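Positions -20 to -1, 1 to 390 (mature numbering (1 follows the signal peptide of the UniProt record, and there is no 0)) are the ones given, in order, by the sequence shown.
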Amino acid sequence: MRRAIAAIAAFGLAIGLAGCAPESTVIDLGVDQADGALSDDVQAQLQSLTETAMTAAGAPGAIVGVYAPWAGQWVAGLGVTEPEGAAVAADMTFKAPGVSRAMTCDVLYGLVERGTVDLDDTVVEWVETYPNAKDITLEQLCDGTSGIDTYLDVLLPRLLKNPERVWNARELAAYGLAKDRAFDPGTRYGESDTGYLLLGVVLERVTGSSLNALYQEFVFEPLGMSASSAPLNMPTGDVLNGFRSGTSKEGKTRCKTPTDVTALSPTAGGAAAGVVSDVDDLATYARALAAGARSYDTEGRFADARTLRSQPSWFTADGGAFQAGSLVGQYGSIPGYLTAAFADRETGLAVVVVLNNSRASAALVRTLAWQLAAVASKAPAAEGRTAPESGLPWTAESLAGTISETAVCS
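Here's what the structure looks like:
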């Protein structure tokens, strides 16, 4: 009852302040980005790595943004929007799976700052219809330590058969909650798209606002991310087509004839994968996340980062994001797209990449982003600038084997 009353009060406050809210001010990230392009040699390396990953993923197209403050940037559309289609434009929008999760946690931390919720609130304090989540906290949902299993693997065939259906997050979450827990809450990290869906349900219940409205208030507007939204249906216009390769009767991946799944409603990913954005917006976002630039960003958000099973010690997860060396960001998959966005908390380097075929593991696009970061971190400084020391614990060459291991096409 206490939470129900608080939710009503918060909703009433939001209505009361709506008409007198001050104009929003875009946060200054303090990044002095060098004008101009990265050197031809660096661009050639970045393009070669991206094209290799495109082939491995069976992706006809890709969009890449690499932004080195001391050296310049490379923002490019590669390949075609569909097999034998038009060229990819760098300013096209696409779904941003993975990154959406960090944004959902942003909303949580924003509401914590306001005193609306606490990180240790349990799910059932706000949404009583999930008794099997009575011992799971909002912080655990954000951190990926809830133990709740995934839903997408179960629902994938239905999603692909009904791409334009607008899905209810509670319905989707029920599929993940119906499974046995992967582990006890708080004991370790584990992939859980269901956990972020459930967190989104709670945040909407708490505020009386839609997920899109919450993202606009806490994430997009403060950072000037004008190309970003969490729509019910995929926008039309300059959108990068998304594909997923099926399997032939002979058991081979249909690399040359992938299925177009662009129309899949973003609600199929919801608070886990429902944001639509472009590379410039996601670069801005990754930099803000890495720098802790928002008023609600706290040092504690990433303080208890957990190492991941079968991964290097420098790769950890906490607060709805991953840390890889000095990089902070997210990556993920939704039918049609593999997306990654990372930024260096020490140098301001930002890397964003999307591949438009989701058949491969999201580890492929994560690895590509790290390769691009490794190359860009060593980019020569522009005139009058000084290059920082390169401190990433890997090279593009050392990660080439992972691209090969995760490849589904050749």
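Here a beta-carbon is modelled for each residue, glycine too, at the ideal position from N, C-alpha and C. Quick caveat: nothing in here was measured; it's all calculated off a predicted structure.
query: Residues in its own chain within less than 7 Å of G299 by CB, not counting five upstream and five downstream?; result: C85, C122, D123, R281, F282
query: If we ignore side chains and look at the alpha-carbon of each, how far apart do R138 and C235 end up?; result: 22 Å
query: Note down the Cα distance separating A24 from L379, rounded to an integer number of angstroms.; result: 18 Å
query: Could you have a look at K75 and say whether DSSP puts it in helix, strand or coil?; result: strand
query: Look at the alpha carbon of L118 and the alpha carbon of L99, and state the distance between them as a whole number of angstroms.; result: 5 Å
query: What residues match up with T102 in a beta bridge as DSSP calls it?; result: T117
query: Please report the distance separating the alpha-carbon of A(-3) from that of S80.; result: Low per-residue confidence applies at A(-3): pLDDT is 42, beneath 50, and the placement is therefore not dependable, though the value from the model is reported in the following sentence. A(-3) and S80: Cα-Cα distance of roughly 25 Å.
query: By the DSSP assignment, the alpha helix (DSSP H) with T233 in it spans what residues?; result: Neither: T233 is in no alpha helix (DSSP H) and is coded neither H nor E.
query: So, with DSSP's three-state summary, where would you put Y311?; result: strand
query: Is there contact between the region 283 to 291 and the region 260 to 275, where contact requires at least three CB pairs shorter than 8 Å?; result: no
query: Taking Q351 and L29 to be in contact with their CB atoms under 8 Å, please state how far apart those CB atoms are, rounded to whole angstroms.; result: 5 Å
query: Tell me whether the region 56 to 70 and the region 25 to 44 touch, counting them as touching only if at least three CB pairs, one residue from each stretch, are closer than 8 Å.; result: yes
query: Quick check: the Cα distance between G149 and T366, rounded to an integer number of angstroms?; result: As written in the sequence, residue 149 is Ala, which differs from the Gly given in the question. Between A149 and T366, the C-alpha separation is close to 48 Å.
query: Three Cβ pairs or more, each shorter than 8 Å: is that satisfied between the region 239 to 257 and the region 184 to 203?; result: yes
query: Count the other CB atoms, across all protein chains shown, that sit within 10 Å of the CB of D284; report buried if there are 16 or more and exposed otherwise.; result: exposed
query: Pick out whichever of L152, D12, D71, V107 has its Cα sitting closest to the Cα of N221.; result: D71
query: Give the straight-line distance between the Cα atoms of F(-10) and V182, rounded to the nearest whole angstrom.; result: Unreliable positioning characterises F(-10) in this predicted model, as indicated by a pLDDT of 43, which lies under 50. The coordinate reading is nonetheless provided below. Going from the Cα of F(-10) to the Cα of V182 covers about 14 Å.
query: Starting from Y131, follow its DSSP beta bridges and name the residues at the other end.; result: Its beta-bridge partners do not exist; DSSP assigns none.
query: Going by Cα to Cα distance, which pick from P211, K232, T239 is closest to R224?; result: T239
query: How many angstroms separate the CA atom of A113 from the CA atom of S357?; result: 43 Å
query: Hey, could you find the ends of the beta strand (DSSP E) residue 410 is sitting in?; result: For the chain, the structure presents residues -20 to 390; residue 410 sits outside this window and is missing.
query: With respect to 6 Å, is the separation between the Cβ of E363 and the closest non-hydrogen atom of the ligand MN below this value?; result: Because no ligand of any kind appears in the structure shown, any question about the ligand MN cannot be addressed here.
query: How far does the alpha helix (DSSP H) with V259 in it reach, from first residue to last?; result: 259 to 271
query: From G371 to D261, what does the alpha carbon distance come to, in whole angstroms?; result: 25 Å
query: Could you tell me which residues DSSP pairs with N337 in its beta bridges?; result: F223
query: Taking 8 Å as the threshold, find out whether the region 125 to 140 comes into contact with the region 158 to 172 through three or more Cβ pairs.; result: yes
query: Determine whether the Cβ of D101 lies closer than 7 Å to any Cβ atom of chain D.; result: In summary, chain D is missing from the structure at hand, where a single protein chain is found.
query: Among residues of its own chain, excluding the 5 on either side of E31, which ones have a beta-carbon nearer than 7 Å to its beta-carbon?; result: L58
query: Which runs of the alpha helix (DSSP H) at least 4 residues long sit entirely within the region 124 to 212? Give them in chain order.; result: 132 to 141, 149 to 157, 173 to 187, 191 to 195
query: On the CB-based measure, 16 or more other CB atoms within 10 Å of its CB, does N336 come out buried or exposed?; result: buried
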